[in-house]
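Notes follow once the structure below has been shown.
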Amino acid sequence: MKILFVSPEGLPFSKTGGLADVVEALPRSLAAMGHQVVVLLPRYRGNQAARTIISSLSVPLGQKLRFPAIVEAGTFEGVRYCFVDDPQYFDREKLYGDQIGDYSDNPQRFGELSRAAIEFAKQVWMPDVIHCHDWQSALVPVYLRTLYAQDPVMSQVPVVFTVHNLGYPGIFPRTALVLTGLPEDLFHVEMLEYYGKVNFLKGGLIFADYVTTVSRKYAQEIQTPEYGCGLEGVIRSRGDRLVGILNGVDYTAWNPETDANIAATYSSKVMDGKRLCKKDLLAAFQLPSDNMERPLIGIVSRFVDQKGFDLIAEVATELMKEDLALVALGNGEAKYEKLFKELAKKYPKRVGVKVAYDNVIAHKIEAGADMFLMPSRYEPCGLNQIYSLRYGTVPVVRATGGLDDTVEAFDARTGKGTGFKFTEYEGAALMKCVRDALAAFRDLAQWRAIQANGMAKDFSWKASAGEYVKLYEKAKQGRVQRVAASSNV
Ligand code: ADP
Ligand code: GLC
């Protein structure tokens, strides 16, 4: 099949979170299966282009016309990468916003990406299916089924829309419709209107042929008021078109047997290297080596509400009464940066923090920590806990979304299970879970068994990529039938 990915970020070019990992690994996996894949991204600052495909593409955005170029970066690992190149929109310091807040022209920026993607399909490379991701490319299905509805070719192209995080819907004032050139009648509660504003993600949910999200559990959760962000009704109405497909991970980048970023490699058979990694990690955070015998908890995260940091704040004093050490890497909201900085100040011998985005340190934490803490309020999939499993770093997680689907609670009676989970979003539940993990850590044989169970798990992309292909085919079939039915009328 010919598959066109449209995404606001993707490695090896741009990343703010797990979406970028997925947009790197899934296309590679599809290419390895023999499919042709093009990934279309915005050309952000520093992204190198190899050649120009279209020097000036006319993109109507409301009353205005913009003229981005379409450039090609090259083919890597079998995947062809192209950029929408509009320096005024994308050559900026950050992807979506700066210290002051989100960029105010985000509707136009990502309206342009979405519309350029459709023109790319028409003029450069006609795919069998378009696969777009999150609110920034949610207008692809909206444009296709409104402005391009009568286009004999484009009306046959199916679109799969993946929600990586419902918590980021892309909500804008009503004027966003005009600014993106969308018909005014979309401002309707059955369409993109959302409490007097315009919700881009809602458009993707309504107009895509299929909607996917990144774990089965999250696909169920977002149909409920607790997790649905006010869109649960719309999501339920698309229930027969909603599929949860668990993300895989890229074991070529995240594997303790080959990882070049860590102090020593190791495997589940020979674990000695993990102790060296712990030593190296403590040194990287300037923590004393007497922590070698203490359980070391690691955190790598965006510091945002989603990840459960208010819960950590609530139990911080109680947590530090336990005989443990903690290292945290992340950046984001000032209140959480402050939380960890203050903890490190209060417990300088046992708590280390780095307020940064640092891939090498992220690898060092995955390898050197004993446990990985991820008490998320919600988690569509989550990748770090899956990396942790492979590194023998036992996940301690809240049983939500992908965390629940990927971590199996350890049962001392059967010896089965890969980590520790709690359900209620409460400090007491988190503390009980951490204490259970600490108790298990004290029993070395038991701990080794939990580590080995996790390290044996396989969350590579192969199975999930296969599920996407089946869905692409179904979407294509459905569109052919739909077009045939409408031409018979
Ligand atoms: P999300 O996409 O919600 O942030 P995921 O667990 O899916 O959560 O993906 C997070 C990705 O970003 C992982 O690859 C993780 O290693 C990386 N990451 C997050 N914060 C940092 C950081 N401060 N430094 C380095 N890598 C980070
Ligand atoms: C989002 C989610 C995360 C998921 C990632 C990739 O950022 O927060 O849970 O793993 O997307 O799908």
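Just so you know, we're using the working numbering here: the sequence shown kicks off at 166 and counts up by one.
Backbone N, C-alpha and C fix where the C-beta goes; we use that ideal spot for every residue, glycine too.
- The segment 234-252 makes no contact with the segment 295-306, as fewer than three CB pairs between them are under 8 Å.
- In this structure the segment 574-585 touches the segment 549-559; the number of beta carbon pairs closer than 8 Å is three or more.
- Apart from sequence neighbours up to five positions away, the residues of its chain that approach D470 with a beta-carbon distance below 8 Å are E498, R542, ordered along the chain.
- Considered as a whole, the segment 440-528 harbours 474-486, 499-511 as its complete alpha helix (DSSP H) runs of no fewer than 4 residues, in chain order.
- Contact annotation: D374 and V325 have beta-carbon atoms nearer than 8 Å.
- Among the bridge pairs identified by DSSP, V376 is matched with F326, L407.
- Of the candidates R467, G227, L461, L461 places its Cα closest to the Cα of L491.
- Unbroken alpha helix (DSSP H) stretches of 4 residues or longer found wholly inside the segment 237-281: 252-255, given in chain order.
- Here the residues close to the ligand GLC, judged by CB distance below 7 Å to any of its heavy atoms, are G182, G183, L184, D186, V187, H329, N330, V379, N412, Q471, E544, P545, C546, G547, L548, G566, G567 in chain order.
- One Cα belongs to L351, the other to Q253, and the distance between them is close to 28 Å.
- In the structure shown, T217 adopts extended strand secondary structure according to DSSP, grouped into three states.
- Residue N330 holds the alpha-carbon nearest to the alpha-carbon of G393 among K362, D523, R406, N330.
- In the DSSP assignment, no residue is bridged to L595.
- Residue pairing by DSSP leaves L347 without any beta bridge partner.
- Linking E638 to P192 through their CA atoms gives a straight-line distance of about 16 Å.
- Residue side-chain check: L494 places its Cβ nearer than 7 Å to a non-hydrogen atom of the ligand ADP.
- Using a cutoff of 7 Å, the CB of D374 does not count as near the ligand ADP, since none of the ligand's heavy atoms is closer than that.
- Under the 8 Å Cβ criterion, the segment 405-413 counts as touching the segment 378-394, having at least three qualifying pairs.
- At a Cβ-Cβ threshold of 8 Å, A282 and I295 count as neighbours.
- Here DSSP, grouped into helix, strand and coil, assigns Y359 to strand.
- Going by DSSP, Q201 is part of the beta strand (DSSP E) stretching over 201-207.
- In this structure, the straight-line span from the alpha carbon of L344 to that of P207 is close to 19 Å.
- With a cut-off of 7 Å, the C-beta of S179 is classified as distant from the ligand ADP, since no heavy atom of the ligand falls inside that distance.
- The beta carbon of L504 is closer than 6 Å to those of A478 in its chain, skipping five residues each way along the sequence.
- Counting C-beta pairs closer than 8 Å gives three or more between the segment 243-262 and the segment 196-205, which meets the contact rule.
- The segment 558-617 is shown to contain whole beta strand (DSSP E) runs of 3 or more residues at 559-563, 585-587, in chain order.
- For K229, the three-state secondary structure derived from DSSP is strand.
- The segment 167-181 and the segment 285-299 touch, with three or more beta-carbon pairs separated by less than 8 Å.
- The beta carbon of V634 sits closer than 8 Å to the beta carbons of M166, L195, M198, H200 from its chain, once the five residues preceding and following it are set aside; these are given in chain order.
- Within the same chain, Cβ atoms closer than 6 Å to the Cβ of D569 are found at K382, the five residues on either side in sequence being excluded.
- Taking a cut-off of 8 Å for Cβ pairs, the segment 507-514 and the segment 420-439 do not touch, as fewer than three such pairs fall below it.
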